[in-house]
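S.K.: Going line by line, the protein sequences match chains A and X.
Letter 107 of the first sequence, counting from 1, is numbered 113 in the working numbering, and no numbers are missing.
Letter 95 of the second sequence, counting from 1, is numbered 101 in the working numbering, and no numbers are missing.
There are 2 protein chains.
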Amino acid sequence: MVVGFDHFIEEFKTALSANQTITFFCHCKIRYSGRAESFLPIGDRVIIIKSDNTLLVHQPDGNNPINYMKPQSQITISKKEDYLLISSRNLQHKDYLDIEVQGVYSFMSYKLEDGQKLLLEGSEKDMSDMIYDNPELISKNFKPLSREEHTKYGFIDVFGHNDKNELIIVECKRYTASLSCVTQLRRYVEKIKELKGTKKVTGVLAAPKISPNAKKMLLDWKFKYKKINPPKRLERYNKDQKTLGEY
Amino acid sequence: MVVGFDHFIEEFKTALSANQTITFFCHCKIRYSGRAESFLPIGDRVIIIKSDNTLLVHQPDGNNPINYMKPQSQITISKKEDYLLISSRNLQHKDYLDIEVQGVYSFMSYKLEDGQKLLLEGSEKDMSDMIYDNPELISKNFKPLSREEHTKYGFIDVFGHNDKNELIIVECKRYTASLSCVTQLRRYVEKIKELKGTKKVTGVLAAPKISPNAKKMLLDWKFKYKKINPPKRLERYNKDQKTLGEY
DNA sequence: TACTACATCTCGCAT
DNA sequence: ATGCGAGGTGTAGTA
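#1: For X/P236, which of X/P214, X/D67, X/C32 and X/Y194 has the nearest alpha-carbon?
#2: Sort X/V188, X/S129, X/P66 and X/L61 by Cα distance to X/I105 and report the nearest one.
#3: X/E43 and A/K238: beta carbons closer than 8 Å?
#4: Does chain A have any CB closer than 8 Å to the CB of X/T60?
#5: How big is the Cα-Cα spacing for A/E200 and A/G166?
#6: Can you name the residues that DSSP bridges to X/N96?
#7: Using a Cβ-Cβ distance cut-off of 8 Å, determine whether A/A42 contacts chain X.
#8: What span of residues does the alpha helix (DSSP H) with X/E196 cover, start to end?
#9: Give the straight-line distance between the Cα atoms of X/D67 and A/D67, rounded to the nearest whole angstrom.
#10: Could you have a look at A/L143 and say whether DSSP puts it in helix, strand or coil?
#11: What does A/F45 reach in chain X if we use C-beta pairs closer than 7 Å?
#12: Mapping the DSSP letters down to three states, classify X/A212 as helix, strand or coil.
#13: Under 9 Å Cβ-Cβ, which residues of chain A neighbour X/H13?
#14: Using only alpha-carbon positions, find the residue among X/I15, X/D226 and X/Q80 that is nearest to X/K86.
#15: Flag this pair as touching only if the segment 113–124 of chain X and the segment 101–118 of chain A have three or more C-beta atom pairs under 8 Å; answer yes or no.
#16: Taking the CB atoms as reference points, tell me whether X/P77 and X/D101 lie closer together than 8 Å.
#17: For A/R242, name the three-state secondary structure that DSSP assigns.
#18: Using a Cβ-Cβ cut-off of 7 Å (strictly less than) and excluding sequence neighbours within five positions of A/A21, which residues of its own chain qualify?
#19: Contact criterion: CB-CB distance below 8 Å. Does A/V52 meet it with respect to chain X?
#20: Quick check on A/N73: does DSSP put it in helix, strand or coil?
#21: Considering only the alpha carbon of each residue, which of A/G40, A/F161 and A/D88 lies closest to X/E127?
#22: Return the residue from the list A/L224, A/F31, A/V210 and A/F11 that minimises the CA-CA distance to A/P141.
#23: If you reduce the DSSP assignment to three classes, tell me which class X/S23 lands in.
#24: Pull out every residue of the segment 143–157 of chain X whose Cβ sits closer than 7 Å to any Cβ of chain A, in chain order.
#25: Find the nearest neighbour of X/Q80 within the set X/W227, X/Y89 and X/K19, judged by alpha-carbon distance.
#26: From X/Y89 to X/I53, what does the alpha carbon distance come to, in whole angstroms?
#27: Going along chain X, which residues have a C-beta under 9 Å from A/F31?
#28: If you measure beta-carbon to beta-carbon, which residues of the segment 186–217 of chain A are closer than 8 Å to chain X?
#29: Could you work out which residues of chain X lie near A/D139, taking near to mean beta carbons separated by less than 7 Å?
#30: Could you pull out every residue in the same chain whose Cβ sits closer than 6 Å to the Cβ of A/A212, ignoring the five residues on either side in sequence?
#31: Assign A/K56 to buried or exposed, taking buried as 16 or more other Cβ atoms, counted over all protein chains shown, within 10 Å of its Cβ.
#32: Any beta-carbon of chain X closer than 8 Å to the one on A/L225?
#33: For the putative contact between A/I83 and A/I92, defined by C-beta atoms under 8 Å, what is the C-beta separation to the nearest angstrom?
#34: Report whether the distance from the Cβ of X/Q108 to the nearest heavy atom of the ligand MN is below 7 Å.
#35: Measuring alpha carbon to alpha carbon, tell me which of A/K206, A/L191 and A/I216 ends up nearest A/S184.
#36: Please confirm whether X/K233 has its beta-carbon closer than 8 Å to some beta-carbon of chain A.
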């Protein structure tokens with residue numbers, strides 16, 4: 007044990023009440039109960055507690071936290087016979103997390119100030135905007151009428167018609183389209199057929215790639231696939247490739 | 007600035023080459039390019055680098071990392087005129103992340119040892135197991151034949167028949183069933199009808215709750231809804247309700 | 001609040 | 001490697 011329990015409790019409580027962000031390395035067991043039940047046997051982890059009482063437990067490998075508690079949870083610490091108990095409870099979500107800390111290797115806390123939002127380009131919304139602004143990507147006769155239609159019609163990415171006034175529904179995916187993408191499109195097409203009382207509705211799936219099964223189902227339903235790359239994808243990679251190619 | 011750049015670089019490089027887990031608080035800007043493009047303006051964050059070179063950037067609030075890089079990325083650090091540049095590249099995923107560190111508040115690193123896996127109960131698999139072992143939850147005539155049945159159009163949670171040898175397909179959801187759950191079930195039912203050459207196939211959606219639109223679509227397709235709570239759900243909460251927080 | 005669909009989704013499993 | 005679906009999914013947007 008590198009950090010003494012008494013000293014740790016002191017620091018922890020002070021940081022917690024000051025809404026500092028806390029991180030520490032420790033040797034611990036973890037129990038969770040809520041939407042499911044879980045237990046993580048003894049091992050070394052890094053714990054993060056944020057100013058909004060979000061709690062994250064990370065193992066030394068992997069992307070995702072192995073355990074976590076949502077913001078606005080209550081956090082308490084108490085000393086037991088031979089370990090520290092850190093408890094987090096979220097009564098709203100009915101979530102309970104207990105960390106049995108058997109040793110603390112290192113502790114750190116600081117009041118972090120950050121009000122910034124991430125500026126992100128390349129989402130599915132950007133892709134449907136691109137198609138709306140460049141309808142020839144779908145077909146030379148495609149006339150878009152609306153995008154991101156959030157009505158009882160369904161949430162249709164791009165909605166329009168061709169030069170024969172036949173309706174066209176476009177569903178965008180920024181990754182390989184699978185079976186569920188086809189059923190999603192199918193649901194919209196059927197809803198529009200029902201609402202507009204017409205059978206002349208074409209479904210178009212716009213994606214960089216489509217799986218073989220999805221392609222088969224798409225064709226079974228007389229829908230169309232249009233290979234379209236989402237905007238802003240791999241921009242730097244493509245630039246790098248170009249630069250390398252110049253040498 | 008609490009930690010000097012030169013000292014930080016030294017510590018950082020040592021920890022990185024020793025595959026220690028690193029966390030530090032800093033004032034920084036972040037750029038990402040890969041599957042999308044993002045920029046996060048200047049602010050305070052906690053950075054975590056794991057032994058497998060996973061990199062996480064967390065703001066002082068919220069559950070999810072605001073930026074991240076997957077395991078097995080290359081990480082480098084270099085000193086610029088008035089900032090530190092931490093670069094992470096993943097050529098396999100074509101991902102690029104740059105952190106422009108303008109100040110370091112606190113730094114910590116340690117070699118964490120952990121080979122444990124999470125033991126989790128209450129997943130959808132547990133729910134389909136429960137139904138398989140207790141078929142009367144679906145109906146008194148239900149005879150399950152298989153679980154996790156793989157078909158070309160997806161895999162079926164519980165598959166069986168009633169006492170008239172009519173096929174029954176059960177799709178389990180551990181949360182509120184929505185439209186997409188109904189289309190998923192519908193896809194399986196249609197595929198089984200085609201494969202078995204029969205029209206007598208019943209789809210059953212087993213979930214604790216179902217949305218109104220999903221319920222309507224379900225009934226339109228002559229499927230059945232069965233209210234079933236997933237196992238282990240809120241075990242501690244329910245116990246607490248009984249024992250008034252004895253735990 | 002409930003419902004819907006996206007996500008730099010991630011992850012595991014099976015082909 | 002790819003396809004498919006679950007996730008203690010989380011998160012945003014809308015009615």
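All C-beta atoms, glycine included, are put in the ideal place defined by N, C-alpha and C.
These figures come from a predicted structure and were not determined experimentally.
M.R.: Concretely, from the data shown:
#1: Comparing Cα positions, the closest option is X/P214.
#2: For the residues X/V188, X/S129, X/P66 and X/L61, the minimum Cα distance to X/I105 belongs to X/L61.
#3: Cβ distance < 8 Å, so X/E43 and A/K238 count as in contact.
#4: Yes - at least one Cβ of chain A is within 8 Å of the one on X/T60.
#5: About 16 Å.
#6: Per DSSP, X/D101.
#7: At least one CB of chain X lies nearer than 8 Å to the CB of A/A42.
#8: That run of the alpha helix (DSSP H) goes L185 to K202.
#9: Computed Cα separation, rounded: 23 Å.
#10: Correct three-state label for A/L143: helix.
#11: Within chain X, the residues whose beta carbon sits less than 7 Å from that of A/F45 are L125, listed in sequence order.
#12: It is a strand residue.
#13: Within 9 Å of the CB of X/H13, no CB atom of chain A is found; the nearest one sits about 16 Å away.
#14: The shortest C-alpha separation from X/K86 is found at X/I15.
#15: Judged by Cβ distances under 8 Å, the segment 113–124 of chain X makes contact with the segment 101–118 of chain A, as three or more pairs qualify.
#16: Cβ distance not < 8 Å, so X/P77 and X/D101 don't count as in contact.
#17: DSSP places A/R242 in the helix class (H, G or I) of the three-state scheme.
#18: Within the same chain, A/A21 has close Cβ partners I28 and S115.
#19: Answer yes: the Cβ-Cβ gap between A/V52 and chain X drops below 8 Å somewhere.
#20: Collapsing the DSSP output to three states places A/N73 in a strand.
#21: When only C-alpha atoms are compared, the closest one is A/G40.
#22: A/P141 has its Cα closest to that of A/V210, out of A/L224, A/F31, A/V210 and A/F11.
#23: Here X/S23 sits in helix by DSSP.
#24: Taking 7 Å as the Cβ-Cβ cut-off against chain A, none of the residues of the segment 143–157 of chain X qualify.
#25: Cα-wise, what sits closest to X/Q80 is X/K19.
#26: Rounded to whole angstroms, X/Y89 to X/I53 spans 16 Å at the Cα level.
#27: Those are T27, T29, M114, S115, Y116 and L118, listed as they occur along chain X.
#28: When CB distances to chain X are screened at a threshold of 8 Å, the residues of the segment 186–217 of chain A falling below it are S186, T189, Q190, R192 and R193, in chain order.
#29: Under the 7 Å cutoff, chain X gives no residues; its nearest Cβ is about 18 Å from A/D139.
#30: Cβ neighbours of A/A212 beyond the five flanking positions: V176, C178, K232 and I234.
#31: Buried is the label assigned to A/K56, since at least 16 other Cβ atoms lie within 10 Å of its Cβ.
#32: For A/L225, the answer is no, since every Cβ of chain X falls outside 8 Å of its Cβ.
#33: Contact between A/I83 and A/I92 holds: CB atoms are separated by about 5 Å, below the 8 Å threshold.
#34: In the structure on display, the ligand MN does not appear, and there are no ligands present to speak of.
#35: Among A/K206, A/L191 and A/I216, the Cα nearest to that of A/S184 belongs to A/I216.
#36: X/K233 does not count as touching chain A.
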